[in-house]
Amino acid sequence: MSTTAEGTPPLWRPAREDLDLWYRTFEVYAASAPLDNAHFHGPHVAIPVPLTRVEEGLRWLRNRYPTELAAMPLPTLEQMRAELAARRPEPSGVAVRDSGSPCHNLWHWINGS
28 MSTTAEGTPP LWRPAREDLD LWYRTFEVYA ASAPLDNAHF HGPHVAIPVP LTRVEEGLRW
88 LRNRYPTELA AMPLPTLEQM RAELAARRPE PSGVAVRDSG SPCHNLWHWI NGS
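Now the structure itself:
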């Protein structure tokens, strides 16, 4: 992995060509998040949004939470798939906005909630 000019690793984010697959997995991951999930405090369900909205949200996230993302980056596609494979996703309920991880706040920003 390369490093930035400051010597810190660059933040992971989905490449444009991987964004659709990452976001569709992210929706299932958020919808089936157990209470002890590192990024969500429980299930989060919403209507899918256009990928342009997701791209805008990723820019917003990088600008607003650079320090937090360095400590807890977005889950990669592989990490989400591994967690989802380890348990059966059972989407339910609609989340209420509250503070949380940058990943959680990205979900709320993307969904306008």
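Following my numbering, the numbering of the sequence shown begins with 28 at its first residue and continues without gaps.
Glycine included, C-beta positions come from ideal geometry on N, C-alpha and C.
Query: For a quick check, are the C-beta atoms of residue 53 and residue 60 less than 8 Å apart?; Result: no
Query: If you draw a straight line from the alpha carbon of residue 111 to that of residue 75, how long is it in whole angstroms?; Result: 19 Å
Query: Could you tell me if residue 137 is buried or exposed, where buried requires 16 or more neighbouring beta carbons within 10 angstroms of its beta carbon?; Result: buried
Query: If you check the beta carbons only, do residue 99 and residue 77 fall under 8 Å apart?; Result: no
Query: Could you give the distance in angstroms between the alpha-carbon of residue 79 and the alpha-carbon of residue 97?; Result: 24 Å
Query: Pick from 88, 132, 85 and 57: whose alpha carbon is nearest that of residue 73?; Result: 57
Query: Kindly indicate which three-state DSSP category residue 74 falls into: helix, strand or coil?; Result: coil
Query: Once DSSP output is grouped into helix, strand and coil, what is the label at residue 103?; Result: coil
Query: Take residue 41 as the anchor and find which of 62, 102, 55 and 95 has the nearest alpha-carbon.; Result: 102
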